[in-house]
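A short worksheet on the structure shown next.
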Amino acid sequence: MKTLSKTLIARAALATAALAAGAVHAGEVEVLHWWTSGGEAKAASALKSTLQGQGHTWKDFAVAGGGGDNAMTVLKSRVVSGNAPAAAQIKGPALQEWAAEGVLANIDGVAKAEKWDSVLPPVVANVMKYKGNYIAVPVNVHRVNWLWTSNAAFKKAGAKVPTNWDEFFVAAEKLKKAGIIPVAHGGQNWQDFTTFESVALGVGGADFYKKALVQLDQASLNGATMTKVLDTFKKVKSYTDKNAPGRDWNLATAMVIKGEAGMQLMGDWAKGEFMAAGKKPGADFGCSAAPGTAKSFTFNVDSFAMFKLKNEANIKAQNDLAAAIMSPAFQETFNLNKGSIPVRLGMDLSKFDDCAKLSAKDFVDTAKSGSLVPSVAHGMAIPSAAAGAIQDAVSQFWNDDKMSTKDAQAKIASAAKTK
Ligand code: GAL
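The numbering of the sequence shown is my numbering, which starts it at 250 and goes up by one.
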């Protein structure tokens, strides 16, 4: 009898210990992101199920709004009130700004165990580190300088997919004559700038882009090439429709998907929309480099910054999330849905389509040739204060048909001095 009860007590103790261990293992991860469109939501749900597969709880903190402006505003207020999520979609130089506030966690433990230094391109790894320690984990590489075209619209108009800006306007005229909206656009700051930076790259080339938009060199910002860029940019507007102001990017993509519009200048998250709508690259739609940019690559790397947490179980869940994001299986599933390519080196791309394969090839080639450039519209290039001021000036010019190119150029050059 005595022995029996002792065994029972021992068993009960073991069960309690196992439960406690389970409790430590299963944590909750609250993740802030802005992936709410069709393709984006599919990609985000791949992240959610990966984490849930490990027994953790996913608390979705989605803030709608392409480009993430709304999400960043909400994040700031949450962090200021001492209630940061476990992970938030933060990118580029903004990672350094957040880390300098002392709110981000050092995730070197998981980075070392998973050998991130040897599976990430150094240019990406450096952005994910603050003072030598990993504070964020990258998800993908998006290419921004793409032109998406509707095969049906181009066929109807008898137009040829353009490879430079002169051809772009020839195609736009033909589409217009055929009763098709030539350019699908959404008038929001970040979309205006997504178009602007592709025009700058196509008209001025990678060296001009770097000098003017990355180094913010005043001579380049005030020079003749910039004047040509602005004139070309404004000419694009004349081929957009009157409902463009305020339109969400995915609704603009839907116009191309339906053949109501012929072209869209947008990063390859647009491909996620075509795929989610069951469309096939080559057969239904075309992906080509934005006019004049075939030999360059504007990159946009999505990443999640990890915030400092106190609860042990949640820290474990946060580390598991970071490890899962970099795993080959997740990199494949996520990027197939998102339209981007894996950020992890040495991945098998056999399941990816030709747009992704072209992107992967051009990413490597342009890194070698020096024409791999960071996207300003997507927070990769310059501190957020200057980026915001320049984007405002560019959108003012786009929206105000009375503003001269000369005035716009002076405004942009002065906005570039914002600290
Ligand atoms: C970008 C982001 C992409 C995509 C896009 C539209 O800034 O990097 O992942 O989601 O916004 O929302």
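All C-beta atoms, glycine included, are put in the ideal place defined by N, C-alpha and C.
Keep in mind it's a predicted model, so treat the numbers as computed, not measured.
Let me check one thing: in DSSP terms, what residues is ARG392 bridge-paired to?
PHE548
In the structure shown, what three-state DSSP assignment does MET512 receive?
strand
For GLU279, count the other beta carbons within 10 Å of its own beta carbon; 16 or more makes it buried, fewer makes it exposed. Which is it?
buried
Exposure of ASN586, with buried meaning 16 or more beta-carbon neighbours within 10 Å:
buried
Counting Cβ pairs, one atom from each stretch, are 3 or more of them under 8 Å apart for the segment 611–618 and the segment 414–432?
no
Going by DSSP, what residue range makes up the beta strand (DSSP E) through ALA311?
306–311
Under 7 Å between C-beta atoms of GLY511 and ILE564:
Result no, Cβ atoms of GLY511 and ILE564 do not sit closer than 7 Å.
Classify HIS274 as helix, strand or coil using the three-state DSSP reduction.
helix
Evaluate contact between the segment 566–578 and the segment 351–359, counting only Cβ atoms and requiring at least three cross-stretch pairs below 8 Å.
yes
Are there any heavy atoms of the ligand GAL lying less than 6 Å away from the beta-carbon of GLY316, as far as the coordinates show?
The answer is yes for GLY316.
Under the DSSP definition of a beta bridge, which residues are partnered with PHE534?
Note: PHE534 sits in a beta bridge opposite SER399, PRO530.
Would you say the beta carbon of TRP647 comes nearer than 6 Å to a heavy atom of the ligand GAL?
no
CB GLY541 to CB GLY472, shorter than 7 Å?
no
Can you tell me whether LYS655 is helix, strand or coil according to DSSP?
In the three-state DSSP reduction, LYS655 falls in the helix class (H, G or I).
Alpha carbon to alpha carbon, how far is THR285 from ALA270? Give it in angstroms, no decimals.
Its pLDDT being 46, under 50, ALA270 is placed unreliably by the model, and the measurement read from it follows with that caveat. Computed Cα separation, rounded: 35 Å.
To the nearest angstrom, report how far apart ALA343 and SER633 are at their CA atoms.
7 Å
I'd like to know if the segment 432–440 and the segment 458–471 are in contact, where contact means that at least 3 CB-CB pairs between them fall below 8 Å.
Judged by pairs of C-beta atoms under 8 Å, the segment 432–440 does not touch the segment 458–471, as fewer than three such pairs exist.
So the candidates are TRP397, THR444, VAL368; which of them puts its Cα closest to the Cα of LYS483?
THR444
Outcome for SER447 when other beta-carbon atoms lying within 10 angstroms are tallied against a minimum of 16
buried
Which of the three DSSP states, helix, strand or coil, is assigned to LEU369?
It is coil, neither helix nor strand.
Residue of THR489, GLN303, ASP318, GLY302 minimising C-alpha distance to GLN640:
Minimum Cα distance to GLN640 is reached at ASP318.
Are the beta-carbon atoms belonging to GLY527 and ALA401 less than 7 Å from one another?
One thing to note: GLY527 has its Cβ no nearer than 7 Å to the Cβ of ALA401.
Grab the span of the beta strand (DSSP E) containing VAL386 for me, first residue to last.
VAL386 -> beta strand (DSSP E) spans 385–387.
Straight-line Cα distance separating LYS423 from ASP309
45 Å
Can you list the beta strand (DSSP E) stretches of 3 or more residues lying completely in the segment 562–633, in chain order?
Every beta strand (DSSP E) stretch that sits fully inside the segment 562–633 and reaches 3 residues is listed by chain position as 621–623.
Roughly how many angstroms separate the alpha carbons of ALA348 and PRO411, rounded to a whole number?
43 Å
Given a threshold of 16 other Cβ atoms within 10 Å of its Cβ, counted over all protein chains shown, does VAL315 qualify as buried or as exposed?
The question names Val, but residue 315 is Gly in the sequence shown. Its Cβ being crowded by 16 or more others within 10 Å, GLY315 is buried.
7 Å Cβ cutoff met for ALA293 and HIS282
yes
Report, in whole angstroms, the separation of the C-beta atoms of ALA638 and ALA664, which I expect to be a contact under 8 Å.
4 Å
State the DSSP-derived secondary structure class of PRO540, mapped to helix, strand or coil.
Here DSSP, grouped into helix, strand and coil, assigns PRO540 to coil.
Local conformation of GLY669 per DSSP, three classes:
Beyond the ends of the chain as shown, which are 250 and 668, falls residue 669; an answer cannot be given.
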